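In our numbering, the protein residues as written are 95 to 171.
Glycine included, each C-beta is placed from N, C-alpha and C at the ideal position.
Just so we're clear, the structure is a prediction, and the values are computed from it rather than from any experiment.
Quick notes on the structure that follows.
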Amino acid sequence: MAPQPSIEPSHLQRRIRGEFNEMPGLCLTFGQAQRLWGLDREACARTLNDLMAEGFLRRTPGGVYLRSDRRYRATVA
Numbered sequence: 095m096a097p098q099p100s101i102e103p104s105h106l107q108r109r110i111r112g113e114f115n116e117m118p119g120l121c122l123t124f125g126q127a128q129r130l131w132g133l134d135r136e137a138c139a140r141t142l143n144d145l146m147a148e149g150f151l152r153r154t155p156g157g158v159y160l161r162s163d164r165r166y167r168a169t170v171a
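Right, dumping it as structure tokens:
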């Protein structure tokens, strides 16, 4: 999916927050988030950082983004 044209940051935050609320167990790497929402690197980083700053998301030491109120369990395939 090609990166979307410039989208209002507040719209992106609502959209991403909505996805994490609809799927509370959602865990994504930066690259997965970028592809899922069709964002360029800068827009994705800014939005994820904003959501972390407000306490909605957190990033694990392994670089996985998830809701702050969820625990992360890495699975080994």
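Q: Go ahead and label A147 buried or exposed: buried means 16 or more other beta carbons lie within 10 angstroms of its beta carbon, across all protein chains shown.
A: Within the sequence shown, residue 147 is the residue found at index 53, counting from 1. Burial call: exposed.
Q: Tell me, please, whether the CB atom of E113 is closer than 8 Å to any CB atom in chain B?
A: Although the question refers to chain B, the structure presented lacks it and comprises just one protein chain.
Q | Rounded separation between P118 and R165 - CA only | A | One-based indexing of the sequence shown puts residue 118 at position 24. One-based indexing of the sequence shown puts residue 165 at position 71. Taking the Cα positions, P118 is about 10 Å away from R165.
Q: Label T154 either buried or exposed according to how many other C-beta atoms from any shown protein chain fall within 10 Å of its C-beta, with 16 as the threshold for buried.
A: Taking the sequence shown and counting its residues from 1, the one referred to as residue 154 is at position 60. Looking at its Cβ environment, which holds fewer than 16 other Cβ atoms inside 10 Å, T154 is exposed.
Q | Assumed close pair R140, F150 - CB separation to whole angstroms, cut-off 8 Å | A | Looking up residue 140 in the sequence shown gives position 46. Looking up residue 150 in the sequence shown gives position 56. Between F150 and R140 the Cβ distance is about 14 Å, and since that is not below 8 Å, they are no contact.
Q. In this structure, does DSSP put R153 in helix, strand or coil?
A. By 1-based counting over the sequence shown, the position of residue 153 is 59. Strand, per DSSP.
(Q) Per the DSSP calculation, A109 is bridged to which residue(s)? (A) Taking the first residue of the sequence shown as 1, we reach residue 109 at position 15. In the sequence under discussion, the amino acid at residue 109 is Arg, which differs from the Ala named in the question. Looking at the DSSP output, R109 shares a beta bridge with no other residue.
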